[in-house]
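Peer 1: Quick one: the structure is below, questions incoming.
Numbering (the working numbering), first residue to last: -17 to 293.
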């Protein structure tokens, strides 16, 4: 990664995706760019200075160093640029992680924890209390049961989409998020609904093992829901305003994590996690990752930290 000098001529720096390079390498003249993405995550529009002269108001923004294009799609911009042909928008819809329910709260270490196998979830039937799914036989905050996501007490991830502006107006239809793209490391986990029984197939898995899922409110499944009221109470949603939809899902452990320690030894480390004794910790093999959720309409993204853990 590097910075581009924006003090002189504007330079357009473009890189092809892995698929684009593969098609270009065919050398048969069939290569054609039909899609591209732009982002401005490095720009702080708060630097716009209304107190300066008209020629100086946006000077700090224009002089901000611009990141080079990324060749690694896993490190791509979080928020894509979009064009909206209207000038009456006061607030743009956003996505927020909803932790208002006990089962949707992030773990005490700041990430959701996926207990990847049965023993890590609960080994009390074996007369042990080193498992991390429960503390004093009560479900531990932020722990997803990756081996048995159908267990009802297992945590799940909830994301709200709406306008966080305190407005009571309805989200305009052309700004409503009703379809989401979810990206997760396919080596580590799979996407399931909150019942733990409905599995989705990824629409793509790239050369970095990043799986992409698409879910929509029109799919008829349990992933995307439409709020039953215009503006939910602050106790129900972190968004202070009208909601357009809510996304809910769980993560099932990959077979590699359940049956092998190979990936934990290759890309993981160890950490102490509170166990069922209520006062002690268990040393676990862990892999820290994240799940990226993107609204397909506006392109707003959030990264949700996820820790895969195994005794």
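Cβ coordinates follow ideal geometry from the N, Cα and C atoms, glycine included.
What you are looking at is a predicted structure, and each value in this text was computed from that prediction instead of being measured.
Report all residues from its chain with a CB closer than 6 Å to the CB of residue 273; omit the five preceding and five following residues, and keep chain order.
Peer 2: Hits under 6 Å: 166, 286 and 288.
Peer 1: Count the other CB atoms, across all protein chains shown, that sit within 10 Å of the CB of residue 229; report buried if there are 16 or more and exposed otherwise.
Peer 2: Classification of residue 229: buried, given that the 10 Å Cβ count is 16 or more.
Peer 1: State the beta-bridge partners of residue 234 as determined by DSSP.
Peer 2: In DSSP, residue 234 forms a bridge with 172.
Peer 1: Suppose contacts are defined by Cβ-Cβ distances below 9 Å. Is residue 116 in contact with residue 107 by that definition?
Peer 2: The answer is no: Cβ separation not under 9 Å.
Peer 1: Nearest-angstrom Cα distance between residue 201 and residue 159?
Peer 2: Their Cα atoms are separated by approximately 14 Å.
Peer 1: With DSSP collapsed to three states, give me the class of residue 123.
Peer 2: Residue state, collapsed to three classes: coil.
Peer 1: May I have the straight-line CA-CA distance separating residue 283 from residue 109, to the nearest angstrom?
Peer 2: Near 44 Å, if we compare the C-alpha coordinates of residue 109 and residue 283.
Peer 1: In three-state terms, what does DSSP make of residue 193?
Peer 2: Three-state DSSP puts residue 193 in a strand.
Peer 1: Can you give the Cα-Cα distance for residue 196 and residue 177, rounded to whole angstroms?
Peer 2: Cα to Cα, residue 196 sits roughly 18 Å from residue 177.
Peer 1: Report the partner residues of residue 272 according to the DSSP bridge assignment.
Peer 2: Bridge partners of residue 272: 287.
Peer 1: Using CA coordinates, which residue listed in 209, 133, 50 and 255 is at the minimum distance from residue 24?
Peer 2: Comparing Cα positions, the closest option is 50.
Peer 1: What residue range is occupied by the uninterrupted alpha helix (DSSP H) comprising residue 101?
Peer 2: 100 to 103 is the span of the alpha helix (DSSP H), which, as asked, contains residue 101.
Peer 1: Considering only DSSP beta bridges, list what residue 116 is partnered with.
Peer 2: 121.
Peer 1: Here's the rule I'm using: 16 or more other beta-carbon atoms within 10 Å means buried, otherwise exposed. How should residue 248 be labelled?
Peer 2: Exposed, by the Cβ-count rule.
Peer 1: Any idea what DSSP makes of residue 46, helix, strand or coil?
Peer 2: Reduced to three states, the DSSP call for residue 46 is coil.
Peer 1: Is it buried or exposed for residue 20, if we count other Cβ within 10 angstroms and need 16 for buried?
Peer 2: By the neighbour-count rule (16 or more Cβ atoms within 10 Å), residue 20 is not buried but exposed.
Peer 1: Quick one, are the C-beta atoms of residue 137 and residue 232 less than 9 Å apart?
Peer 2: Going by C-beta atoms, residue 137 is nearer than 9 Å to residue 232.
Peer 1: Count Cβ pairs between the stretch 118 to 130 and the stretch 233 to 244 that sit closer than 8 Å; are there 3 or more?
Peer 2: Touching, yes, given that three or more Cβ pairs across the two stretches are closer than 8 Å.
Peer 1: Is it buried or exposed, residue 169, if we count other Cβ atoms within 10 angstroms and call 16 or more buried?
Peer 2: So residue 169 counts as buried.
Peer 1: Nearest to residue 76 by CA position, among 146, 18 and 268, is which residue?
Peer 2: Out of 146, 18 and 268, 146 has the C-alpha closest to the C-alpha of residue 76.
Peer 1: Determine, using beta carbons only, whether residue 185 and residue 194 come nearer to each other than 9 Å.
Peer 2: The answer is yes: Cβ separation under 9 Å.
Peer 1: Using the rule of at least 16 other Cβ atoms within 10 Å of the residue's Cβ for burial, across every protein chain shown, is residue 120 buried or exposed?
Peer 2: Label assigned to residue 120: exposed.
Peer 1: Going by the CB atoms, is the gap between residue 255 and residue 261 shorter than 9 Å?
Peer 2: In this structure, residue 255 does not lie closer than 9 Å to residue 261 by Cβ.
Peer 1: Suppose the cutoff is 8 Å on Cβ atoms and the five residues either side in sequence are ignored; what does the same chain contact list for residue 83 look like?
Peer 2: Answer for residue 83: 140, listed in chain order.
Peer 1: Bridge partners for residue -1 per DSSP, in chain order?
Peer 2: Partner(s): none; residue -1 has no beta bridge.
Peer 1: In chain order, what residues of the same chain have a beta carbon less than 7 Å from the beta carbon of residue 132, not counting five sequence neighbours either side?
Peer 2: Answer for residue 132: 177, 178 and 179, listed in chain order.
Peer 1: Under DSSP, the alpha helix (DSSP H) around residue 245 begins and ends at which residues?
Peer 2: 244 to 249 is the extent of the alpha helix (DSSP H) around residue 245.
Peer 1: Give a yes or no on whether the C-beta atoms belonging to residue 135 and residue 290 are separated by under 9 Å.
Peer 2: No, these two residues do not count as a Cβ contact at 9 Å.
Peer 1: In whole angstroms, give me the CA-to-CA distance for residue 85 and residue 9.
Peer 2: Going by the C-alpha atoms only, they are around 53 Å apart.
Peer 1: Would you report the Cα separation of residue 4 and residue 192, rounded to the nearest angstrom?
Peer 2: Rounded to the nearest angstrom, the two C-alpha atoms are 18 Å apart.
Peer 1: Cα separation between residue 208 and residue 226?
Peer 2: Taking the straight line joining both Cα atoms gives about 6 Å.
Peer 1: Find the nearest neighbour of residue 278 within the set 64, 12, 71 and 6, judged by alpha-carbon distance.
Peer 2: The shortest C-alpha separation from residue 278 is found at 64.
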